[in-house]
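**Q** Heads up, the sequence shown is in numbering that gives the first Met the number 0, so the first residue is 0 and it goes up one at a time. Virtual Cβ for every residue (Gly too), placed ideally from N, Cα, C. Have a look at the structure that comes next, please.
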Amino acid sequence: MEPTLDDPAHEYARRLDALLAAEARLTRRGNVLAVSKLAAILLTVIAAVGLAKYDPRYLFSLFAPVAGIILLFVLHERVLRSLRRCARLKHFYQQGIARIEDHWPGTGEPGWRFLDPTHPYARDLDLFGAGGLFELLSTARTRAGEETLAAWLLAPASIEEILARQAAVEELRPRVDFREKLTLAGEDIRVGVRPDALIAWSEHATQLKPKLARVIAPLLAALWVLSLLGWGIFGWGAAALFMSLLNLMMTYRFRTRVETSAAEIAAAMQELDLLAAIFRHIEEQSFTSPKLAALQSKLKSQKEAASNAISRLNRRVDWFESHENLFIKFADLFIFWTAQWVFAIEAWRAQHGAAVPEWIATVGEMEALNSLAGYAYENPENTFPQFVEAGPCLHAEQFSHPLIPRTRAIANDLKLDSNLQLLVISGPNMAGKSTFIRSVGVNVVLAQAGAPVRARKMALSSLAVAASICVLDSLQGGLSRFYAEILRLKLIDQQSRGGVSVLFLLDELLSGTNSHDRRVGTESFVRTLLSRGAIGLVTTHDLALAEIAEGMAGKAANFHFEDTFDNGELRFDYRLTPGVVSTANALKLMRSVGLEV
């Protein structure tokens, strides 16, 4: 029975308590089995020594205790496997509770490899890194899942696709059991499947002809074994020599191509049991949303379930990998062990290789949807935004930043559309200007990925997010911060020429130049964006920039954040208020720390 949606913390705590109780029972059972193994081995060794010394005829009676020891090892390994499963699930629910209680930063996958400094908003909105949005969302078990989720955060989907994802996320949201099964998929792997290597292998044309080779290789191997038997029984040494030379010749004839294929297989076939387990869990589900049903239907090839096909490939790979055994390495020269399993794996590729890229993509999408569903489940107060065709439009009520703890996040309202396209937000240092525009951007990114947003209500059109908030200089590239900011503005300008309205988020724009150039440059740039149908926010503590809104005939408005200085302590309410700020705190801050100004 799936849990209700209203109390995820209680559900996670209940499941964690059950796991702790199960872990305690398994630990006691494991300790008993470990002691029993040691005792049984010791007693059997003592008995063996005694029988060997006094009556070797009864050594056969040790078969029973040896069988018992083997059984104890099997039972102990099962208990250890169950303990590993408990540990993995404990971590899963502990991370879930940490996310709900807002002490999750640093506990998940930061996704640093997806951070592109030239992306129009990834760094500015803290998508990746410790405490970033990706870490909050991702519960993926495969690299394909991580890559899909990152791609969804880095580029908006079409409205049709967003609505399909929303329906899928809504259906997956209460399925904690399904997320638990995906967590347990595989044995002791975290993010093991390498989609690039597996897909490249599946699409690569084989250099071997497995159909004919799979007949000839085992036939020659069998004839070689029979020739050795003939040599041993009938003295047919010539036949054994002939078959040995023939098989050696065949081994070296195909050696290069077999070794090339074997190297490709070794590089691509990583943790197939994880992939098969995830396929199986997806195949077992019953889905009603069109997107989930469509994804599930893709997990077939020639009427065979993907999980069965991958499991069959995994078994062949396991046999193939045994060629590292020293005995098989020698026999391989004559029985073509490596070649035969390479042929078998190549035959699998000929049958199912074309379907592998779609299978990997399906797993990636399913894991990305499941990550968003986990976020939706753990944040029941969040809502799915509505999308409108006519734009530009961004209306949000009581929204706040999803990366800020709920107890500290202050909600605000925002309304931008073709009537009011720009807010110029003034305010003193530390008043919340940068955090506010980041919260706008992050919620829009979530919305266009198909996730719920931290808002009471939100409606928006398709928007291309572009930000200049955290632009850094580059010593290696020889770029000053000011020039890096200019390049970012050029990128935003290019985006505004596209077919999708831009949502621009500009924080303390052109701060590296004088007040006059800053005022003229900012106004000129913003006017150009607005003329192309863009909407956005500009923050400043330079009150000269507040004059920009006054000359834009209702297309722009001034808002501000303010502070109060009470008994030597600065206080902020982080509430967006109409008008231009009337206070400044720089001197007060300097005096509060003892500087004489």
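#1: Determine, using beta-carbon pairs with one atom in the region 548-561 and one in the region 409-424, whether at least three such pairs fall under 8 Å.
#2: Considering only residues of the same chain and omitting the five flanking positions on each side of residue 520, which have a CB-CB separation below 6 Å?
#3: Tell me the start and end of each unbroken alpha helix (DSSP H) in the region 371-446 that is at least 4 residues and wholly inside, in chain order.
#4: Grab me the residues of residue 288's own chain with a C-beta within less than 7 Å of its C-beta, minus the 5 sequence neighbours each way, in chain order.
#5: On the DSSP letters alone, give me the boundaries of the alpha helix (DSSP H) that residue 572 sits inside.
#6: Determine, using beta carbons only, whether residue 95 and residue 109 come nearer to each other than 8 Å.
#7: Roughly how many whole angstroms lie between the Cα atoms of residue 39 and residue 64?
#8: Under 7 Å from any heavy atom of the ligand ATP, does the C-beta of residue 216 make it?
#9: Measuring only the C-alpha atoms, how far is residue 451 from residue 127?
#10: Looking only at its own chain, which residues have a Cβ that is under 7 Å from the Cβ of residue 373, when we skip the five neighbours before and after it?
#11: If you count every other CB in all the chains shown that lies within 10 Å of the CB of residue 384, and 16 or more means buried, which is it?
#12: Starting from residue 280, trace the alpha helix (DSSP H) in both directions and tell me its first and last residue.
#13: Candidates 548, 295, 529 and 342: which alpha carbon is nearest residue 318's?
#14: Considering only the beta carbon of each residue, do residue 261 and residue 337 sit closer than 8 Å?
#15: According to DSSP, is residue 534 part of a helix, a strand, or is it coil?
#16: Rank 361, 255, 393 and 411 by C-alpha distance to the C-alpha of residue 145 and give the top, closest one.
#17: Assess contact between the region 520-537 and the region 487-502, defined as three or more Cβ pairs (one per stretch) separated by less than 8 Å. Is contact present?
#18: Quick one: what does DSSP say residue 457 is sitting in, helix, strand or coil?
#19: According to the neighbour-count rule (16 or more other Cβ atoms, all chains shown, within 10 Å of its Cβ), is residue 116 buried or exposed?
#20: Could you give the uninterrupted runs of the alpha helix (DSSP H) lying entirely in the region 76-146, keeping only those of 4 residues or more?
#21: Report the option in 50, 442 and 98 whose CA atom is closest to the CA atom of residue 11.
#22: Under three-state DSSP, which class holds residue 556?
#23: Looking at C-alpha atoms only, which residue of 457, 513, 440 and 203 is the closest neighbour of residue 351?
#24: Taking just the CA atoms, how far does residue 129 sit from residue 104?
#25: Where do the ends of the beta strand (DSSP E) carrying residue 243 lie?
#26: Could you work out which residue in 17, 436, 576 and 250 is closest to residue 85 when comparing CA atoms only?
#27: Could you tell me the alpha carbon to alpha carbon distance between residue 477 and residue 557, rounded to whole angstroms?
#28: Assess, as a yes-or-no matter, whether the region 375-392 is touched by the region 442-456 under the definition of 3 or more beta carbon pairs within less than 8 Å.
#29: Using only the alpha-carbon positions, how far apart do residue 124 and residue 515 sit?
#30: Answer yes or no: do residue 430 and residue 562 have a C-beta to C-beta separation smaller than 8 Å?
#31: Taking residue 506 as part of the beta strand (DSSP E), name the residues at either end of that continuous run.
#32: Tell whether a beta-carbon distance below 8 Å holds between residue 497 and residue 463.
#33: Is it buried or exposed for residue 404, if we count other Cβ within 10 angstroms and need 16 for buried?
#34: How many Å lie between residue 190 and residue 142 at the Cα?
#35: Over the uninterrupted alpha helix (DSSP H) stretch that includes residue 597, give me the two end residues.
#36: According to DSSP, is residue 450 part of a helix, a strand, or is it coil?
**A** Checking against the coordinates, here is how it stands:
#1: They touch, by the three-pair rule.
#2: Sequence index remark: in the sequence shown, residue 520 carries index 521 (1-based). If we look at residue 520 and ignore the five residues flanking it on each side, its Cβ neighbours are 509.
#3: Counting whole runs of 4 or more residues, the region 371-446 contains no alpha helix (DSSP H) stretch at all.
#4: Taking the first residue of the sequence shown as 1, we reach residue 288 at position 289. In chain order, 166, 167 and 170 place their CB closer than 7 Å to the CB of residue 288, counting only its own chain and leaving out the 5 sequence neighbours on each side.
#5: If you number the sequence shown from 1, residue 572 lands on position 573. From DSSP, residue 572 is part of no alpha helix (DSSP H); its letter is neither H nor E.
#6: Taking the sequence shown and counting its residues from 1, the one referred to as residue 95 is at position 96. Taking the sequence shown and counting its residues from 1, the one referred to as residue 109 is at position 110. No, Cβ-Cβ distance for residue 95 and residue 109 is not below 8 Å.
#7: Locating residue 39 in the sequence shown gives position 40, counting from the first residue. Locating residue 64 in the sequence shown gives position 65, counting from the first residue. Residue 39 and residue 64: Cα-Cα distance of roughly 7 Å.
#8: The ligand ATP is absent from the structure shown, which contains no ligand whatsoever.
#9: Position 452 of the sequence shown, counting from 1, holds the residue named residue 451. Position 128 of the sequence shown, counting from 1, holds the residue named residue 127. Their Cα atoms are separated by approximately 19 Å.
#10: Taking the sequence shown and counting its residues from 1, the one referred to as residue 373 is at position 374. Excluding sequence positions up to five before and after residue 373, its CB lies within less than 7 Å of the CB of 138 and 178, all in the same chain and listed in chain order.
#11: Taking the sequence shown and counting its residues from 1, the one referred to as residue 384 is at position 385. With 16 or more other CB atoms across the displayed protein chains lying within 10 angstroms of its CB, residue 384 is buried.
#12: Looking up residue 280 in the sequence shown gives position 281. From DSSP, the alpha helix (DSSP H) with residue 280 extends over 271-283.
#13: Numbered from its first residue, the sequence shown carries residue 318 at position 319. The shortest Cα separation from residue 318 among 548, 295, 529 and 342 belongs to 342.
#14: Sequence index remark: in the sequence shown, residue 261 carries index 262 (1-based). Sequence index remark: in the sequence shown, residue 337 carries index 338 (1-based). The beta carbons of residue 261 and residue 337 sit closer together than 8 Å.
#15: For the purposes of this step, residue 534 is taken as residue 535 along the sequence shown, with counting starting at 1. When secondary structure is reduced to three states using DSSP, residue 534 falls in the strand class.
#16: The count along the sequence shown starts at 1 and reaches residue 145 at position 146. 361 is the residue among 361, 255, 393 and 411 whose C-alpha sits nearest the C-alpha of residue 145.
#17: In short, these stretches touch, since the Cβ pair count reaches three.
#18: As a working mapping, residue 457 is identified with position 458 in the sequence shown. Reduced to three states, the DSSP call for residue 457 is strand.
#19: Translated into positions along the sequence shown, residue 116 becomes position 117. Exposed, since its Cβ has fewer than 16 Cβ neighbours within 10 Å.
#20: Listed in chain order, the complete alpha helix (DSSP H) runs (minimum 4 residues) inside the region 76-146 are 132-136.
#21: Counting from one through the sequence shown, the residue named residue 11 turns up at place 12. When 50, 442 and 98 are compared, the shortest CA-CA separation from residue 11 is found for 98.
#22: The residue labelled residue 556 in the question sits at position 557 within the sequence shown. Strand at residue 556.
#23: Position 352 of the sequence shown, counted from the first residue, corresponds to residue 351. It is 203.
#24: One-based indexing of the sequence shown puts residue 104 at position 105. One-based indexing of the sequence shown puts residue 129 at position 130. If I take the Cα positions, the gap works out to 6 Å.
#25: Locating residue 243 in the sequence shown gives position 244, where the first residue counts as 1. Secondary structure note for residue 243: it is in no beta strand (DSSP E), and the uninterrupted alpha helix (DSSP H) holding it is 236-252.
#26: Taking the sequence shown and counting its residues from 1, the one referred to as residue 85 is at position 86. From the listed residues 17, 436, 576 and 250, the smallest Cα separation to residue 85 is found for 17.
#27: By one-based count along the sequence shown, residue 477 stands at place 478. By one-based count along the sequence shown, residue 557 stands at place 558. Only weak support exists for where residue 477 lies, its pLDDT of 41 falling under 50; the coordinates are left without a value.
#28: Yes, the region 442-456 touches the region 375-392.
#29: Locating residue 124 in the sequence shown gives position 125, where the first residue counts as 1. Locating residue 515 in the sequence shown gives position 516, where the first residue counts as 1. Whole-angstrom Cα-Cα distance: 29 Å.
#30: Walking along the sequence shown from the start, residue 430 turns up at place 431. Walking along the sequence shown from the start, residue 562 turns up at place 563. Yes; because the gap between Cβ atoms is below 8 Å, this pair is in contact.
#31: Within the sequence shown, residue 506 is the residue found at index 507, counting from 1. Its beta strand (DSSP E) spans residues 501-506.
#32: In the sequence shown, the residue the question calls residue 497 occupies position 498. In the sequence shown, the residue the question calls residue 463 occupies position 464. For residue 497 and residue 463, yes; Cβs fall inside 8 Å.
#33: Within the sequence shown, numbered from 1, the residue matching residue 404 stands at position 405. With fewer than 16 Cβ atoms within 10 Å of its Cβ, residue 404 is classed as exposed.
#34: Residue 190 sits at position 191 when you count from the first residue of the sequence shown. Residue 142 sits at position 143 when you count from the first residue of the sequence shown. Interpretation of residue 190 is limited by its pLDDT of 44, a score under 50 that renders its predicted location unreliable; the figure taken from the coordinates is listed afterwards. The alpha-carbon atoms of residue 190 and residue 142 are separated by roughly 6 Å.
#35: Residue numbering for the chain in the displayed model covers 0 to 596; residue 597 lies beyond these limits and cannot be assessed.
#36: Counting from 1 along the sequence shown, the entry for residue 450 is found at position 451. Residue 450: coil per DSSP, three-state reduction.
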